[in-house]
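Protein chains: 2
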Amino acid sequence: MEEFVVTPWEVRGKINYDKLVKNFGTKYIDESLLQKIKKLTGDLHFLLRRKIFYSHRDLDKLLNDYERGIPFYLYTGRGPSGHVHLGHLIPWILTKWLQDRFNVKLLFQITDDEKFLFKKTLSLEDALNYAYDNILDIIALGFDHRKTEIFIDTEYIKSLYKIALKVAKHLTYSTVKAAFGFDSSYNIGAIFFTAIQSAPAFIEYERNKRLINCLIPCAIDQDPHFRLTRDVAKVLKYPKPCLIHSKFFPSLSGLDKMSSSEEVSCIYVTDDEELVRKKIWKAVTGGRGTVKEQREKGGIPKNCSIFMYYYYLFEPDDNKLREIENKCKNGELLCGDCKEDLILRINKFLKEHRKKREKAKDLIDKYLVRD
Amino acid sequence: MEEFVVTPWEVRGKINYDKLVKNFGTKYIDESLLQKIKKLTGDLHFLLRRKIFYSHRDLDKLLNDYERGIPFYLYTGRGPSGHVHLGHLIPWILTKWLQDRFNVKLLFQITDDEKFLFKKTLSLEDALNYAYDNILDIIALGFDHRKTEIFIDTEYIKSLYKIALKVAKHLTYSTVKAAFGFDSSYNIGAIFFTAIQSAPAFIEYERNKRLINCLIPCAIDQDPHFRLTRDVAKVLKYPKPCLIHSKFFPSLSGLDKMSSSEEVSCIYVTDDEELVRKKIWKAVTGGRGTVKEQREKGGIPKNCSIFMYYYYLFEPDDNKLREIENKCKNGELLCGDCKEDLILRINKFLKEHRKKREKAKDLIDKYLVRD
Chain A
0 MEEFVVTPWE VRGKINYDKL VKNFGTKYID ESLLQKIKKL TGDLHFLLRR
50 KIFYSHRDLD KLLNDYERGI PFYLYTGRGP SGHVHLGHLI PWILTKWLQD
100 RFNVKLLFQI TDDEKFLFKK TLSLEDALNY AYDNILDIIA LGFDHRKTEI
150 FIDTEYIKSL YKIALKVAKH LTYSTVKAAF GFDSSYNIGA IFFTAIQSAP
200 AFIEYERNKR LINCLIPCAI DQDPHFRLTR DVAKVLKYPK PCLIHSKFFP
250 SLSGLDKMSS SEEVSCIYVT DDEELVRKKI WKAVTGGRGT VKEQREKGGI
300 PKNCSIFMYY YYLFEPDDNK LREIENKCKN GELLCGDCKE DLILRINKFL
350 KEHRKKREKA KDLIDKYLVR D
Chain B
0 MEEFVVTPWE VRGKINYDKL VKNFGTKYID ESLLQKIKKL TGDLHFLLRR
50 KIFYSHRDLD KLLNDYERGI PFYLYTGRGP SGHVHLGHLI PWILTKWLQD
100 RFNVKLLFQI TDDEKFLFKK TLSLEDALNY AYDNILDIIA LGFDHRKTEI
150 FIDTEYIKSL YKIALKVAKH LTYSTVKAAF GFDSSYNIGA IFFTAIQSAP
200 AFIEYERNKR LINCLIPCAI DQDPHFRLTR DVAKVLKYPK PCLIHSKFFP
250 SLSGLDKMSS SEEVSCIYVT DDEELVRKKI WKAVTGGRGT VKEQREKGGI
300 PKNCSIFMYY YYLFEPDDNK LREIENKCKN GELLCGDCKE DLILRINKFL
350 KEHRKKREKA KDLIDKYLVR D
């Protein structure tokens, strides 16, 4: 019986994050590594403090290199098969923080080719439209345009293709099949695609022809791609890309489920105030059956999707977060209180985001690179 | 026991061309089809008359369409893994003739990506260098630059990629494996590649958005690619490309072998006069053991690689060819006579070719299209 599944194209079941570290062969971001980051940046983002980014590959090595004067750049991405939801923002928010703190270049890959190849009913034209839509959300987060290159695969393929070919030559069907669980009914584009996702991990090294590391912040489901990338790096004599992995943003419809394709289980950046209200009121909480019971026994924050929204995104202050947690546990806060408060916070955030998103329409050319 | 093997990447054994027609499911170019071509063009190229181009897919349909006013364009290609030899010229010579006679556009694909992916020791840089080298030979044949677009895959990938993705989405690993005989040790680039070779068969239709047929002159080993292309065409609602298939240029080292990778069995366009002389004198002929025997019994032209050189390329005049054949059969001609004569003809041809090849260096920009 399978407990849970995590691949770049499917995440389901109740995810055991410790098991992923073990199965994937990654390392935990431990206290000493956090202290090292803090030493270099001056502080720690709550996504790191709270171990939402919890796993890594060679981050220690990259930071040691950095201290010795070997630079790095950031690389992350987005598969444009629909609108952006709040969960998608998590890796990008940390990526922005890292860009600001380390003052480094960021490559942002939009994989319209991937989404077209993996989604039966998605046309290439629609994937491209979503790409342009999603780019507005990315720009809205405030990346430094002088240090950020966003590109859409089908419009940047000439820059990616040669490196992708070099990667592809060293990846057999067997290897890719084992890494992703493909069978022979998969299409040949899907099989090839991982080579395209590898390319940005090497492109800066190829361009500069001097040692530069690559740091990839991503949700942990993307790790199988970059395991292959790292294996091939050795053969091609490229530096191995380093990774930091996040957990998945929790679903509103229960913490043992992922949010991805279920409409009501997540908040899209395009959701209006009423829809946000509706979704949050429907959310699964850690509350008790009755008000009386909750006042007596208190709620259970660790089972509460509302609390998780505070934890992951909407209460960056650890003291205030602890206050919410304690007040819930001792019955002071009722679920309705939290829901109303969260609705306000989300709608405030989305209102701001949509403003920045509108402005982003005039900024696209500052970020987008094309062949 | 396998009798012979014909795939796009391997041709060996004594080839049974009738069996290929049967196995591949193509049709013979028969007399009525030849008459139809003649009706439209005014004459017949000797490569057609002599059934060196002997097989087709839907050429009849394409010509009927043409008569009804539906245009077509030509598409052929070259895999640049080394210098061009005389055998490579055969499909291109007919392609030029078709371009001249029908006054149509030609797309010429140079698959540097393919050669890199399939040749273990070939670098991408070397494949690209061979691409530029081979393009000179192509231009030297005199294609009409106003109607010819030559492109190198890695430099034209942006134009090809979207169509290739659409093709790839409809080709499973199973299908490609069966068509080419791949196993799971093949690299993922090699598996994907056929989608890139499909793209030019659809690109003019995509651009024009009006019905235009595509005619692909090629050696018959390329047919498996285009069988897949044709299957996918149906799904994507593109016109199915039509094909005419040539036999392989015979080897100098015996007619039961292919020339491709054996250095002495073929003449490269770069071979100097002395090397041509050496190779031709080493060639396997249909001659007898002694001069005396040959004078008495005559030679056997159908077993003679020298005669095949006349047949395929160096004696376009059927009457003169018959004269050579008869004189050989009745012992008038000795092998040395033919060899000396052929050496003169080849060296004259190559001298001319190399002159045109030099001039081609200044013409590249008139032919080459890049993204």
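Those sequence lines, one after another, are chains A and B.
Note that the first sequence covers residues 0 to 370 in numbering that gives the first Met the number 0.
Note that the second sequence covers residues 0 to 370 in numbering that gives the first Met the number 0.
C-beta atoms are modelled at their ideal positions from N, C-alpha and C, and glycine is treated no differently.
Segment limits, alpha helix (DSSP H) that includes proline 199/B: Proline 199/B: member of the alpha helix (DSSP H) spanning 199-207, first to last residue.
8 Å Cβ cutoff, asparagine 128/B in contact with chain A: No, no contact with chain A.
Straight-line gap, threonine 25/B to threonine 94/A (C-alpha atoms, nearest Å): 56 Å
C-beta neighbour in chain B for serine 184/A, strict 8 Å: yes
Same chain, Cβ closer than 6 Å to glutamate 113/A, neighbours up to 5 away in sequence not counted: Gly78 and Phe192
Inter-residue Cα distance where the pair is glycine 386/A and asparagine 329/A: There is no way to answer for residue 386/A, as the model of chain A reaches only from 0 to 370.
Rounded separation between glutamate 351/B and threonine 269/B - CA only: 12 Å
Assumed close pair asparagine 178/A, arginine 226/A - CB separation to whole angstroms, cut-off 8 Å: The sequence shown places alanine at residue 178/A, rather than the asparagine named in the question. About 7 Å; that satisfies the 8 Å criterion.
Contact the segment 103-111 of chain A vs the segment 182-202 of chain A: 3+ CB pairs below 8 Å: yes
Contacting residues, own chain, Cβ-Cβ under 6 Å from glutamine 221/A (five flanking each side not counted): Pro7
Continuous alpha helix (DSSP H) stretch holding leucine 164/A: start and end: 152-168
Within chain A, partners of phenylalanine 225/B - CB distance below 7 Å: Within 7 Å Cβ-Cβ: nothing; phenylalanine 225/B doesn't reach chain A, min ~16 Å.
Member of Lys360/B, Asn212/B and His87/B whose CA lies at the smallest distance from the CA of isoleucine 69/B: Asn212/B
Cβ distance (whole Å) where isoleucine 187/B is taken to contact leucine 170/A below 8 Å: 5 Å
Exposure of proline 315/B, with buried meaning 16 or more beta-carbon neighbours within 10 Å: Exposure of proline 315/B is indicated by the presence of fewer than 16 other C-beta atoms within 10 angstroms of its C-beta.
CB contact below 8 Å: aspartate 112/B versus chain A: yes
Pairwise C-alpha distance: proline 90/A and lysine 355/B: Each residue's alpha carbon lies about 58 Å from the other.
Neighbour-count burial assignment, arginine 294/A, 16 or more Cβ in a 10 Å radius: When all chains shown are included, arginine 294/A counts as exposed.
Lysine 256/A classed as buried or exposed, judged by whether at least 16 other C-beta atoms fall within 10 angstroms: At lysine 256/A the pLDDT is 48, less than 50, meaning the model places this residue with poor confidence; the figure from the coordinates comes in the next sentence. With 16 or more Cβ atoms within 10 Å of its Cβ, lysine 256/A is classed as buried.
Cβ neighbour criterion (16 or more within 10 Å) applied to glycine 180/A: exposed
Rounded straight-line distance, which links the Cα of arginine 369/B to that of lysine 360/B: Annotation: lysine 360/B to arginine 369/B spans about 17 Å, alpha carbon to alpha carbon.
Where phenylalanine 191/A meets chain B, residues with beta-carbon distance less than 8 Å: For phenylalanine 191/A, the chain B residues whose C-beta falls within less than 8 Å of its own C-beta are Ala167, Ile187, Gly188, Ile190 and Phe191, listed in chain order.
Spatially closest choice to isoleucine 14/A from Thr228/A, Val4/A and Asn22/A, by CA coordinates: Val4/A
Residue from Leu343/B, Ile219/B, Gly285/B and Lys233/B with nearest C-alpha to valine 384/B: Beyond the ends of chain B as shown, which are 0 and 370, falls residue 384/B; an answer cannot be given.
Closer than 8 Å to chain A by CB, lysine 233/B: no
Three-way DSSP call (helix, strand, coil) for phenylalanine 191/A in this model: helix
Distance between beta carbons of leucine 251/B and lysine 233/B, contact taken as under 8 Å: Not a contact, Cβ separation roughly 42 Å.
Distance between tyrosine 309/B and aspartate 29/B (C-alpha atoms, nearest Å): 23 Å
Backbone CA spacing between asparagine 133/A and valine 83/A [nearest angstrom]: 6 Å
Chain-ordered chain B contacts of leucine 367/A [CB-CB under 8 Å]: Those within 8 Å of leucine 367/A in chain B number zero; the least Cβ separation is about 15 Å.
Any C-beta of chain B under 8 Å from that of leucine 341/A: no
Cβ shell of glutamate 339/B (< 7 Å), same chain only, five flanking positions each side left out: none
Contact between the segment 49-68 of chain A and the segment 119-130 of chain A (3+ Cβ pairs under 8 Å): Output reads no: the segment 119-130 of chain A does not touch the segment 49-68 of chain A.
Coarse secondary structure for valine 321/B, derived from DSSP in three states: Correcting the residue type first, residue 321/B is arginine in the shown sequence and not valine. The answer is helix: DSSP assigns arginine 321/B an H, G or I state.
Tyrosine 160/B: contacting residues in chain A (beta-carbon distance under 7 Å): Thr153 and Ile156
Chain-order list of residues whose beta-carbon lies under 7 Å from that of isoleucine 266/B (same chain, five-residue window excluded): His84, Leu85, Val275, Lys278 and Ile345
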